[in-house]
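Top line first, the protein sequences correspond to chains E and V. Just so you know, we're using our numbering here: the first sequence kicks off at 18 and counts up by one. Just so you know, we're using our numbering here: the second sequence kicks off at 18 and counts up by one. Beta carbons are placed, not taken as given, at the ideal position from N, Cα and C, and that holds for glycine. This structure is a prediction, so every number in the text was calculated from the model and none was measured.
There are 2 protein chains.
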Amino acid sequence: MYKAAGIFILGITLWSLPAPEGMEAQAWHLFAIFITTILSVVFRVFSILVASILGLVIAIFTQTLSPEAAFSGFSNNIVLLIVMAFLIAKSVVKSGLGIRIALQLIMRFGKTALGLAYSLLATDLLIAPAFPSNTARSGLLFPIVYSVAKANGSDPELGTEKKLGSYLMFTSMAGIGLSSSLWLTAMAVNPVGAAIVANYGITINFSNWLLAASLPTIVAAVILPWVLLKVYPPTLKITPDAPGYAKEQLGRMGNMSKDEKITLAVFILLIIAWALSDILGLDRTAIAFLGLALLLLTGVYTPADIRKEGEALITMIWFAILFSMSMALYNMGFMNYVGVLIAKEIDGFSEPAAFFLLVFFYVVFHYLFVSQTAHLLALFGVFLFAGVDLGLHVAGLAYMLLFATNYFSVITPQGSSCNVLYISSGYIRVDEVYKYGGLLTLLFFIIYNTIGLGWVVWVFSF
Amino acid sequence: MYKAAGIFILGITLWSLPAPEGMEAQAWHLFAIFITTILSVVFRVFSILVASILGLVIAIFTQTLSPEAAFSGFSNNIVLLIVMAFLIAKSVVKSGLGIRIALQLIMRFGKTALGLAYSLLATDLLIAPAFPSNTARSGLLFPIVYSVAKANGSDPELGTEKKLGSYLMFTSMAGIGLSSSLWLTAMAVNPVGAAIVANYGITINFSNWLLAASLPTIVAAVILPWVLLKVYPPTLKITPDAPGYAKEQLGRMGNMSKDEKITLAVFILLIIAWALSDILGLDRTAIAFLGLALLLLTGVYTPADIRKEGEALITMIWFAILFSMSMALYNMGFMNYVGVLIAKEIDGFSEPAAFFLLVFFYVVFHYLFVSQTAHLLALFGVFLFAGVDLGLHVAGLAYMLLFATNYFSVITPQGSSCNVLYISSGYIRVDEVYKYGGLLTLLFFIIYNTIGLGWVVWVFSF
């Protein structure tokens, strides 16, 4: 209650302050509502769902936003794409296809803890493009990691979590940040960021995102399991049982079922259609709708399955609302205004220093955020504009901020909803996330902003 | 498969036909897609979800609709209102408030079968304004009717369904059509119809709908239990146990719980705010969002509850898509075109004959529809325009068609999703629905188009 009162007082105070010179009162008021909404999530005053709905209602009742503008996010093609992808991902899980792919990788590469970690990471990296909900992906990966750990006798209930499970869990948890960095469609807000970047005349699509992300992500993915093996080692480094376990599971699964085959066909169709959507002139969201229709038509997925997926509706509601607000704030010129201010502050530094400071502060800011989505919606546009205003390399900065939005997920336990399952398993302690998650985030920051930045600038010079 | 092939051939045939003279090819193509979508639902080729998604994808891929136009329904305030109301209704059920209200009515009025029928009907009529999902309302009423029937020893498993249960079930099932007629917010498509009517400069809001519907609906509600008592009688006409049963249940429930009190407060707040929304200039959908936020904030309803409500997402998807298509068809002038054609056909008749023929054909058409929503979306605009073109009383015709959209729900077993629960209980046979449902629909048609029409015309003459 104190917290709720505090956040309302903060909101009213911000609202009452005069708008900075040159900014319209409406833009300032929307900022007051928006930042209070975000802070109420950061400080756990409200859930992201309640915070968003309250923000929406206040914005409409105070006539800061028209109902049309406030609701517009619900029909945004990106928001609808996420909803469809969420449901399609569930059918990949339901059909058994996701687990089969994972088991096959483990069967081939799982003889050592390191090999096992790499195979889980590879699984994630490969399935990621069809999973714009990284939370859904964590839901698929987690039971596999969990089963592999247990099959090797590593179980928190027996006090043997450090034997293998903790190591694999942490690798997979941090790995989701990397797999999300690799593909435009591997994380909900990647396309949102791309849409913001489009305002600067830079087209980020499925192909050039993959190209830009490939080198730094592969380097980070190669280093991640190895670094954790040193700083957060499993006591069992050799896991001879894992391939056998996977083989046994595959044997039990038998040949691919009809459902798996259909899902695989739809899965491949979607990836091809998404990759070629620009050339064929097909709307990406309509492609996703088609994918869902095919899964429903073939009975692989049923309305009864969707009935259990109210989570997709929850995600749609808060995501659409924050999307509407952020876009309205952008359209009112707020981002530009603040971007110019930050740019002035950083103006004294040399260009490279300004660049790294911008990205570094953007990353450090994530200590305050519960949601990667909220972080991107609140700060990405501002930081990008600041950089643009300073004359920094736009595509380079855009990608560095976008990749950061994904890899900084492990900086805190609540940095991403993906972390929750891993931590709730009992294999990873909360204080370990702050320690090793912070270390990994710093490591990723360095890799992406050296090798990665060079690569992006080089690729975009053609 | 044959059915699916048939419907696709029909769709392609319609598409290939030249557009009637004076109609743009785009409008004709959208009609071909839309009517094929509706027919595929009517003939049970696809579920309404799959049919809508396929229609959407085809409309976008053929460039008949832009993605923006095709997705626009998702951010429509009416569609969002339905989604919010769906969730709020669930929390009324969850809190126990709905059942308490019902039990109290039964305790007071339930000594005879007729009194019991009236009390169930009154319950429905009173709670209806806060339940734009009549399906959700049927979900609340059904378990009460069921419990009351069983408490009186009427049970299909014992072969005693005719003792009391069949009669009460049929009354309640048909009653939902009447309670939906009474309030603008008692049925999902009522506001959609009102929005279409607004195109003719007639404002239908919460208050004037209630006024217009009050007299004929009360007459129909008074007659309904009495008519069924004659044609579909229970063998047990006196039910001395019902008040006791209700009292016992209420005793078991004890005093109102905190959750019930909160829900009641939110419930009352919503009804007041909706009723005053025009005066206060508050967006009705934002009010519904606020209601949900209050229920979530107070913990009466939780995100975990919403997680089970994927049905709301399913409803939103097909409803938004059909809404987008229907509105696009309207905007392209299709409704006007067909309305003029029908008007020409009916032109020879006198004005009163033309009026009743229009409403009668509109009602009879419902034999072909599974969904009241689809019926309204496909035909309401066309029939209304036909009437307008003939110079009939616009408000009178609009209301007669809107009321019909509600009361014709019992004309067939599949005429409304509300019927499904009642029929699945084993108390009512399918052939009985065709017989007595048809009879009741005819009765309602007569009541609304005599007393009701006179009343509406008189009320609107001021």
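Would you call residue i buried or exposed, if buried means 16 or more other Cβ atoms sit within 10 Å of its Cβ?
i: residue 266(V); result: buried
i: residue 154(V); result: buried
i: residue 99(V); result: buried
i: residue 433(E); result: buried
i: residue 441(E); result: exposed
i: residue 62(V); result: buried
i: residue 291(E); result: buried
i: residue 248(V); result: exposed
i: residue 44(V); result: buried
i: residue 282(V); result: exposed
i: residue 461(E); result: buried
i: residue 30(V); result: exposed
i: residue 446(E); result: exposed
i: residue 388(E); result: buried
i: residue 269(E); result: exposed
i: residue 381(E); result: exposed
i: residue 19(V); result: exposed
i: residue 141(V); result: buried
i: residue 296(V); result: exposed
i: residue 326(E); result: buried
i: residue 41(V); result: exposed
i: residue 228(V); result: exposed
My guess is that residue i and residue j are in contact by the Cβ rule of under 8 Å, so how many angstroms apart are they, rounded?
i: residue 158(E); j: residue 345(E); result: Not confirmed; about 36 Å, so no contact.
i: residue 102(E); j: residue 149(E); result: 4 Å
i: residue 339(V); j: residue 57(V); result: Not quite, the Cβ-Cβ distance comes to about 12 Å (not below 8 Å), so this is no contact.
i: residue 134(V); j: residue 188(V); result: 4 Å
i: residue 330(V); j: residue 156(V); result: Not really, about 17 Å apart at Cβ, beyond 8 Å.
i: residue 366(E); j: residue 230(E); result: Going by Cβ atoms, the distance from residue 366(E) to residue 230(E) rounds to 27 Å, so no, they are not a contact pair.
i: residue 96(E); j: residue 390(E); result: Not a contact, Cβ separation roughly 11 Å.
i: residue 181(V); j: residue 251(V); result: 5 Å
i: residue 233(E); j: residue 379(E); result: Not a contact, Cβ separation roughly 16 Å.
i: residue 84(V); j: residue 94(E); result: 6 Å
i: residue 320(E); j: residue 64(V); result: 6 Å
i: residue 429(V); j: residue 454(V); result: 7 Å
Which residues in chain V sit within 8 Å of residue i, going by Cβ to Cβ distance?
i: residue 14(E); result: Not covered by the structure: residue 14(E). The range shown for chain E is 18 to 479.
i: residue 313(E); result: 64, 66, 67, 70
Quick one: which chain E residues come within Cβ less than 7 Å of residue i?
i: residue 77(V); result: 300, 303
Determine the chain E residues that contact residue i at a beta-carbon separation under 8 Å, and present them in chain order.
i: residue 391(V); result: Going along chain E, no residue has its Cβ under 8 Å from residue 391(V), so there is no contact; the nearest lies around 16 Å.
i: residue 84(V); result: 94, 300, 302, 303
So residue i contacts chain V; which residues on that side make the cut at Cβ distance below 7 Å?
i: residue 320(E); result: 64, 66, 331
i: residue 309(E); result: 70
i: residue 306(E); result: 70, 73, 74
For residue i, verify whether its CB is less than 6 Å away from any heavy atom of the ligand FAD.
i: residue 286(E); result: Looking at this structure, you won't find the ligand FAD or any other ligand, since it has none at all.
Anything in chain E within Cβ reach of residue i, meaning under 9 Å, just list it in chain order.
i: residue 159(V); result: Under the 9 Å cutoff, chain E gives no residues; its nearest Cβ is about 18 Å from residue 159(V).
Within 7 Å of any Cβ in chain C, is that where the Cβ of residue i sits?
i: residue 38(E); result: In summary, chain C is missing from the structure at hand, where the protein chains are E and V.
Completely contained alpha helix (DSSP H) runs for the region 413–449 of chain V, where each covers 4 or more residues: 434–441, all fully within the region 413–449 of chain V.
Taking only beta carbons into account, state which residues of the region 87–98 of chain E come closer than 9 Å to chain V, listed in chain order. Those would be 87, 88, 89, 90, 91, 92, 93, 94, 96, 97, in chain order.
Residues of the region 322–353 of chain E whose Cβ lies closer than 7 Å to any Cβ of chain V, in chain order: Listed by position, the residues of the region 322–353 of chain E near chain V (Cβ gap below 7 Å) are 323, 324, 325, 326, 327, 328, 329, 330, 331.
Going along the region 48–76 of chain E in order, which residues come within less than 7 Å of chain V, judged by CB to CB distance? Going along the region 48–76 of chain E in chain order, one finds 64, 66, 67, 70, 71, 73, 74 with a Cβ nearer than 7 Å to chain V.
In the region 182–218 of chain V, which residue ranges form an unbroken alpha helix (DSSP H) of at least 4 residues, counting only runs that do not cross its ends? Entirely contained in the region 182–218 of chain V, the alpha helix (DSSP H) runs reaching 4 residues are, in chain order, 182–199, 207–215.
List, from N- to C-terminal side, the beta strand (DSSP E) runs of 3 residues or more that fit wholly inside the region 94–138 of chain V. Counting whole runs of 3 or more residues, the region 94–138 of chain V contains no beta strand (DSSP E) stretch at all.
Those runs of the alpha helix (DSSP H) which lie wholly inside the region 447–474 of chain E and span at least 4 residues: Listed in chain order, the complete alpha helix (DSSP H) runs (minimum 4 residues) inside the region 447–474 of chain E are 455–464.
Going along the chain, which unbroken runs of the alpha helix (DSSP H) with 4 or more residues stay wholly within the region 280–331 of chain V? The DSSP assignment places 301–314, 320–324 as complete runs of the alpha helix (DSSP H) inside the region 280–331 of chain V, in order along the chain (cut-off: 4 residues).
Runs of alpha helix (DSSP H) lying entirely within the region 224–270 of chain E, each at least 4 residues, in chain order: Counting only runs of 4 or more, we get 258–270.
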